[in-house]
Structures are given as C-alpha cells and as structure tokens.
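Those sequence lines, one after another, are chains A and B.
Per my numbering: the first sequence = residues 464 to 623.
Per my numbering: the second sequence = residues 464 to 623.
Protein chains: 2
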Amino acid sequence: MSDTVGAPGRDCPGRRPELPTHDEMASWRTFLRAHAGVTRMLESELEAEQKLSLAAYDVLVQLSEAPEHRLRMTELAEAVLLSRSGVTRLVDRLERSGLVLRAKVAEDGRGVTATLTDAGQERLRIASTTHLRGVRRHFADRLDPADLAELARISRKLIP
Amino acid sequence: MSDTVGAPGRDCPGRRPELPTHDEMASWRTFLRAHAGVTRMLESELEAEQKLSLAAYDVLVQLSEAPEHRLRMTELAEAVLLSRSGVTRLVDRLERSGLVLRAKVAEDGRGVTATLTDAGQERLRIASTTHLRGVRRHFADRLDPADLAELARISRKLIP
Numbered sequence: 464m465s466d467t468v469g470a471p472g473r474d475c476p477g478r479r480p481e482l483p484t485h486d487e488m489a490s491w492r493t494f495l496r497a498h499a500g501v502t503r504m505l506e507s508e509l510e511a512e513q514k515l516s517l518a519a520y521d522v523l524v525q526l527s528e529a530p531e532h533r534l535r536m537t538e539l540a541e542a543v544l545l546s547r548s549g550v551t552r553l554v555d556r557l558e559r560s561g562l563v564l565r566a567k568v569a570e571d572g573r574g575v576t577a578t579l580t581d582a583g584q585e586r587l588r589i590a591s592t593t594h595l596r597g598v599r600r601h602f603a604d605r606l607d608p609a610d611l612a613e614l615a616r617i618s619r620k621l622i623p
Numbered sequence: 464m465s466d467t468v469g470a471p472g473r474d475c476p477g478r479r480p481e482l483p484t485h486d487e488m489a490s491w492r493t494f495l496r497a498h499a500g501v502t503r504m505l506e507s508e509l510e511a512e513q514k515l516s517l518a519a520y521d522v523l524v525q526l527s528e529a530p531e532h533r534l535r536m537t538e539l540a541e542a543v544l545l546s547r548s549g550v551t552r553l554v555d556r557l558e559r560s561g562l563v564l565r566a567k568v569a570e571d572g573r574g575v576t577a578t579l580t581d582a583g584q585e586r587l588r589i590a591s592t593t594h595l596r597g598v599r600r601h602f603a604d605r606l607d608p609a610d611l612a613e614l615a616r617i618s619r620k621l622i623p
C-alpha cells in the first residue's frame, strides 16, 4: 500500500477534495510500514520459539479474555486484530491441535462457539513469554514515554 | 492481541525487565486496534465497490511501483504490507484473473517473477479511486496536520 497510484492530490487548491494529500499519504504509508515491521518480527520470533503464528496467538488471547473462555465464531472474527478472513481455517487447525474446542450453540442450533481448552490456556501461557518480550523489544523499547502516550492518543482517533 | 496474558509487568521496581509495562501494553493494543479498524473499513469498501481484497490491492500496488512492473516472488513477499504468508495463493488468483503474469527468471532458472499486466494496471487505476477516498475518510480526515506529522515521526522509530 505504498500507494501513489491514482494521482493522490498535491497540496494545491485545485486538487480533488476526496484524495489524500502527499503528506497524508506519506504518514499513512509510514504507519503501515511500522505495523508490518513490528508484527513481522513478533511473528518470526513466535514461530521460531513457539511454533505458533501471530494470528493463532491472537485467537488464543481473545478466547482467554472472553467469559468462560468462549466466543461465538462471529464474535471471535470481530475480536481478532489480525486476519479476520482466515479465522475459520485457523480454528480448524487449533482444534486439531487440541487447543480449542468447537460446539453448536444449544439455544438456537445455528451458531457455533469456540472454547479455549486447558491445553490451549497452557500453550498461550508459555507462548506469551516470547510475545511479551517481543512487544517490549520491538515496540516499547523503541519509544519513549511521551511517544507511547502520543501514539495511543492518535491511535484512539482512528478506532471506529 | 489485547494481551494481558502472562502478567505484563506493572510499573514497579521489582517487575521483570523483559515484560512491557501496563502503559506500554495499552499503547500497543491501541495501535493494533487503530490499524485493524482502518484497514477493515478500507477492505470492506474495496470488496464492495471493486471486488478486490486489500491484500490483492497491495500486491497490484507493489508491482506497479517496481521497475518494469515486475518483482521476484521473494521480493514481492517482502514488499507487501499486509499478509505475506498468503502471497503465493494470492498471485495464483490474480494470474487466473489476468491481472498478473508469472514467469521463470531466465538467468538462474530457479526464481519466479510476477509482472503486472495491462489489465492489472487498469484494474488498479480504477480501484485506487475507492482506496484513496477511503484513506482520506478513515485516516487523514480523523487527524489534524500535527497528528499526521507526529504519527509519521513515531512510526519511523518502529520501522526495523
């Protein structure tokens, strides 16, 4: 998405108002690169040390924070912060590994829930040491306290 | 990754130095939510109006910006800012749609390149109107010029 395609508007009076300016696109691209850079480092460490993708870790975390460690598949897809599109296949794999259990929702017979198993909880506990160390090294240690507060303030404006 | 698992260190002298503090984790979570929120809106508009995933758009953009509109698959996987893991399957689909062409690298007979076709270039040109309008609405319009500059400055510190 380092996108200059489509002639983004320059900062001049005649530009189409719908297009981002050059400075806006530069900020957007840098934001995307930062996210991609940090998450790739976290992912490579998690895969090397824990044999878990970051998306799988994300699913385990979301379930661990839910009441009774359980979410409907639709809620889980909403809650994850990474790839939403691959959640069904991901839960298939996690179920085969015994980390997650799926069940039909009793009340309506249509929905399906995913529940974190004890093995999933334990796997998450161990994996979190790698992940949290990575967040410290690749994110927190690169920013000073004022940057961290500023980034949180600006990010909040972007949350729908 | 709204991760509080693994007892992230509190801001007290005795905490394990490897773990992020509560404030660091809060900033990290907000940063992830902002990224997920904006990219999901861009994705849903792009799919609704252009029948393209954001990851496919990302691939087309990276090829359009490369010399001769061509990259080795390994370079492409490095260049994309979204899901690197699915790039091979994504290029399969883009090739079937006539937007990308794959070829063996003549020199060494091992590598494979992907090239943007004229149809791919045209498809990207049309899709970019949706995407750039989305970047303006969901990103640029939510931030003032000082925020945009701050976000770029902080993001640069996070790029490896």
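Each residue gets a CB set at the ideal place from its N, CA and C atoms; glycine is no exception.
Treat the numbers as computed from the prediction; the structure is a model and nothing was measured.
Annotation for F602 of chain A: V501 place their beta carbon closer than 6 angstroms to its own, counting only its chain and skipping 5 residues before and after.
Counting only residues of its own chain and dropping the five nearest sequence neighbours on each side, H532 of chain A has a CB closer than 6 angstroms to the CB of L526, T578, L579. Just so you know, the alpha carbons of L553 of chain B and A612 of chain A end up roughly 37 angstroms apart. For A577 of chain B, the enclosing beta strand (DSSP E) stretches over residues 575-579.
When DSSP states are grouped into helix, strand and coil, V554 of chain A belongs to the helix group. Residues of chain A whose Cβ lies closer than 9 angstroms to the Cβ of M536 of chain B do not exist, since the nearest Cβ in that chain is about 17 angstroms away. Within chain A, L621, I622, P623 have C-beta atoms less than 7 angstroms from the C-beta of G500 of chain B, given in sequence order.
The C-alpha of V598 of chain A is placed about 13 angstroms away from the C-alpha of S507 of chain A. For the region 594-609 of chain A, the beta-carbon criterion of a distance under 7 angstroms to any beta-carbon of chain B is satisfied by H594, L595, R596, V598, R599, F602, A603, R605, L606.
Within chain A, not a single residue places a beta-carbon under 9 angstroms from that of R552 of chain B; the smallest gap is close to 11 angstroms. Separation of T493 of chain B and K620 of chain A (C-alpha to C-alpha, rounded to the nearest whole angstrom) is 10 angstroms. Closer than 7 angstroms at the C-beta level to chain A, one finds these residues of the region 522-534 of chain B: V524, S527, E528. At a cut-off of 4 residues, the continuous stretches assigned as alpha helix (DSSP H) that sit fully inside the region 466-551 of chain B are 485-513, 517-527, 536-542. Two segments are said to touch when three or more pairs of C-beta atoms, one from each, lie closer than 8 angstroms; by this definition the region 556-564 of chain B touches the region 579-591 of chain B. A582 of chain A has a beta carbon lying at 8 angstroms or more from every beta carbon in chain B. For L564 of chain A, DSSP records a beta bridge to A:T578.
When rounded, the separation of the alpha-carbon atoms in V575 of chain A and L539 of chain A is 11 angstroms. For D555 of chain B, not one C-beta of chain A is nearer than 8 angstroms to its own C-beta. Apart from the 5 residues on each side of it in sequence, T593 of chain A sits with its Cβ closer than 8 angstroms to the Cβ of E508, L509, E512, Q513 in its chain, given in chain order.
Comparing alpha-carbon positions, the option among B:D607, B:T484, B:A590, B:E481 lying closest to A519 of chain B turns out to be B:A590. In this model, E541 of chain A and D486 of chain B are separated by some 24 angstroms (Cα to Cα).
From the beta-carbon of S546 of chain B, the residues of chain A found nearer than 7 angstroms are S546. When C-alpha distances from R600 of chain A are compared across A:M504, A:L495, A:S546, the shortest belongs to A:M504. A582 of chain B counts as exposed, since fewer than 16 other C-beta atoms from the protein chains shown sit within 10 angstroms of its C-beta. Here the C-alpha atom of V568 of chain B lies approximately 47 angstroms from the C-alpha atom of L534 of chain A. Less than 8 angstroms separates the beta-carbon of L545 of chain B from that of L517 of chain B. Of the other Cβ atoms in all chains shown, 16 or more fall within 10 Å of the Cβ of R596 of chain B; this residue is therefore buried. Of the other Cβ atoms in all chains shown, 16 or more fall within 10 Å of the Cβ of A497 of chain A; this residue is therefore buried.
Chain B has a Cβ within less than 8 angstroms of the Cβ of E481 of chain A.
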